[in-house]
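Protein chains in written order, with the working numbering: chain D, 1 to 440; chain R, 1001 to 1440.
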């Protein structure tokens, strides 16, 4: 019987593992809860109306259809028996494995205040992105119809919690929406009245970046009328706004109908279960501390890659939860499995996983980005062009690349955002303002 | 004070009315529940994974942003006082008007069995289209994992209720999905096992088309493995399938996890309220019987255009509920208002509304369509090319035309459907099969 490799998750880690097993003499099964691979780095563009979900998603079956040794299954893994080497799905089905690659990722962390999620969606799934899109564009619509100045001001106040890459990208896009996209479009409000505030408890934004680049990013955000408040914590989020606590201990209530969450992540769901069943060492956030070969200590047949794992880089600091780490981890796990298969039970000494850090890049707006790449610190147009090129290059499927390229071209020329539909429901829709019929 | 024109609805009727009032010396307000114009004729392509919602929607504000005499409001009209000439919105706001153009359309009609809607979504909104998309592609995923042959067969059985243009287009697209798109993608099932059945109580499909074209359409559908059952009524729809009653009176239970509704329409909501408040004559389906100038008898300041109105064409039969009728009606109402404004209270004799029938066209699949155009009956490739050209031409906004054209090009060359995401929830998700996390 062929060696059975099961991969959990079709994100960057899982998909690149599957692709790297293309020619492996193994029976590969990729299980995901979704039928598509999501190109997460561009999800903020769906949330801000630049791209449609279809543009940044690739059906997993279609990506892997020609890979004859691989099957794709839609399913949600609930539990694992690491000694019997079986997985059980939530619907009761069980799947045995010989080697397992777990790439189920992480979830947004609300500092233990999960009730905030209702008012402050984060940016992890397509559904959350369209919810954020709903909230942003609905807020301007509601403001246009609101006659009370205070309530109007609350509709036009946007708070982004978290000053990492996602927060910076969301804030920059919001600034461009207020300044450029919606220009000429309203008759009662001026979209420039929008107040966009980015808060983070850390001493500055983009902590993962060198200080000079973070300063450049803040400059670019200021030009887009985004105010950055570092060292500020959020102590409350509800339907009407946020409560902020400043470093001095002073608290302030800020009425805001749109609060977006770009805070940290933690491990929950199957990731936690896996940690418990294998007694794996975990970080405080629940991330599994893997061995240098990305396996769980004591379980050489279970690889953990991407956002679920934590492992120190060469500088001793944990590797960041970015696509590059996941892709390289997935490919490494696949190579390790192939090497073991070739050794036919003999000893295999694979060098430990080594992350090739190609840098970091965050986009703020049109011709505005910051990048640390090949040891260089770039900002402005050069960084932005690098960003464009990298994202187009790594987008899965050629069709998506063409569609995204064209939409960026249109947006660059016309400042328009063609995909800014208000669909579905958003949790803070004010009941007194009517929104679309939601029978379905 | 300027003459106040209020337009209700941003579909084909309302949008074309607004555009025709571009230079009118009037204060124009367009109110819609959605912030976008939906190009309804291509909605079935969203439902079948060819296009993304953003590709066929145009933000109303963006379309009308340069039209200085026009404002757009997001709102849901609840009631009207036709004597005081005021509208009240569901949130309590009121808007006065001097002239009113009502283009709020119609709703899917479930023969009075509204509970069927849960199991058999229709194709009226973006949300319904993505629900249908979910159901179609989820059914294949569920079948792939189902081991019981009978349940697997139910997952692979698709029933389309209604043999009009929408039904034919959905059925044809489903056939192409089973034959082409999903080829090579599954390991347990063969997508060709899918049974696609289109039923209609009428004696044949496409009753609005000449008989020879309907026969051609049925031939094309057969090639796509779609079986057409005319003269068959649906007497029950539930979670597990449909009950059919044949002309002979025999009933048959058909297990099917995917039932799509392409039946008739009726008037509900504000359309009914308007009819009641103005004592307007209505058809059995609730459509308002308008005067030859598209106004409500006794209310020369209220125009009703598009799908909400019914009016006889030259042959005495009611005009169909198609985009062309709505567009021409909207433009006619706008011209009538402008003519009255020019007459400054003097008498205006506008010729009655006359519909320029440019024909009918329905697409079945690749190089397969039927068309009645300029008195010609076309089918196959010529009809399909005409269809392509017309739909691209009438799509609102240039960017949408480019995006749709490119996606059709890719689909033509590769048979792929890039937008086939399973997102959100679908009502018949079987609880024993796990589907995406739905916290939001």
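Where a beta carbon is used, it is the ideal one built from N, C-alpha and C, also for glycine.
Within-7 Å CB hit, residue i to chain D
i, result
"residue 1237(R)", "no"
"residue 1184(R)", "yes"
"residue 1322(R)", "no"
"residue 1416(R)", "yes"
"residue 1054(R)", "yes"
"residue 1151(R)", "no"
"residue 1353(R)", "no"
"residue 1358(R)", "no"
"residue 1158(R)", "no"
"residue 1071(R)", "yes"
"residue 1001(R)", "no"
"residue 1111(R)", "no"
"residue 1074(R)", "yes"
"residue 1187(R)", "yes"
"residue 1065(R)", "yes"
"residue 1419(R)", "yes"
"residue 1146(R)", "no"
"residue 1141(R)", "yes"
7 Å Cβ cutoff, residue i in contact with chain R
i, result
"residue 59(D)", "yes"
"residue 265(D)", "no"
"residue 422(D)", "yes"
"residue 410(D)", "yes"
"residue 62(D)", "yes"
"residue 268(D)", "no"
Limits of the alpha helix (DSSP H) - the one that residue i falls within
i, result
"residue 1261(R)", "Per DSSP, residue 1261(R) belongs to no alpha helix (DSSP H); it is in the beta strand (DSSP E), 1258-1261."
"residue 149(D)", "149-155"
"residue 1380(R)", "1380-1394"
"residue 348(D)", "From DSSP, residue 348(D) is part of no alpha helix (DSSP H); its letter is neither H nor E."
"residue 12(D)", "12-20"
"residue 1088(R)", "Element bounds for residue 1088(R): not the alpha helix (DSSP H) but the beta strand (DSSP E), 1086-1089."
"residue 1043(R)", "1043-1047"
Reduced DSSP secondary structure (H/G/I, E/B, other) of residue i
i, result
"residue 233(D)", "strand"
"residue 1416(R)", "coil"
"residue 1377(R)", "strand"
"residue 198(D)", "strand"
"residue 1098(R)", "coil"
"residue 365(D)", "strand"
"residue 356(D)", "coil"
"residue 1405(R)", "helix"
"residue 1423(R)", "coil"
"residue 77(D)", "strand"
"residue 1072(R)", "strand"
"residue 165(D)", "helix"
"residue 210(D)", "coil"
Residue interval of the beta strand (DSSP E) (run including residue i)
i, result
"residue 1027(R)", "1026-1032"
"residue 1004(R)", "1003-1008"
"residue 1299(R)", "1299-1304"
"residue 123(D)", "Careful: residue 123(D) lies outside any beta strand (DSSP E) and carries neither H nor E."
"residue 1323(R)", "It is not in any beta strand (DSSP E) - residue 1323(R) instead sits in the alpha helix (DSSP H) that spans 1323-1343."
Bridge-paired residues (DSSP) for residue i
i, result
"residue 1312(R)", "1318(R)"
"residue 241(D)", "238(D), 255(D)"
"residue 182(D)", "Note: residue 182(D) sits in no beta bridge, so no partner."
"residue 266(D)", "107(D)"
"residue 203(D)", "Partner(s): none; residue 203(D) has no beta bridge."
"residue 289(D)", "310(D)"
"residue 130(D)", "Paired residue(s): none; residue 130(D) is not in a bridge."
"residue 226(D)", "196(D)"
"residue 296(D)", "299(D)"
Residue i CB to nearest heavy atom of the ligand FAD below 6 Å
i, result
"residue 1304(R)", "This structure lacks the ligand FAD; in fact it carries no ligand of any kind."
Between the stretch 378-407 of chain D and chain R, which residues of the former have a C-beta closer than 9 Å to a C-beta of the latter? 397, 398, 399, 400, 402, 403, 406, 407
What are the residues of the stretch 1081-1109 of chain R that lie near chain D, defined by any Cβ-Cβ distance shorter than 8 Å? 1089, 1090, 1091, 1092, 1093
Going along the chain, which residues of the stretch 1113-1127 of chain R sit with their C-beta nearer than 8 Å to a C-beta in chain D? 1117, 1121, 1125, 1126, 1127
Would you list, in chain order, the members of the stretch 1020-1040 of chain R that have their beta-carbon closer than 8 Å to a beta-carbon of chain D? 1033, 1034, 1035, 1036
Residues, ordered as in the chain, of the stretch 167-179 of chain D that lie near chain R by beta-carbon distance below 7 Å: none
The stretch 1004-1015 of chain R: positions lying closer than 7 Å to chain D by Cβ: none
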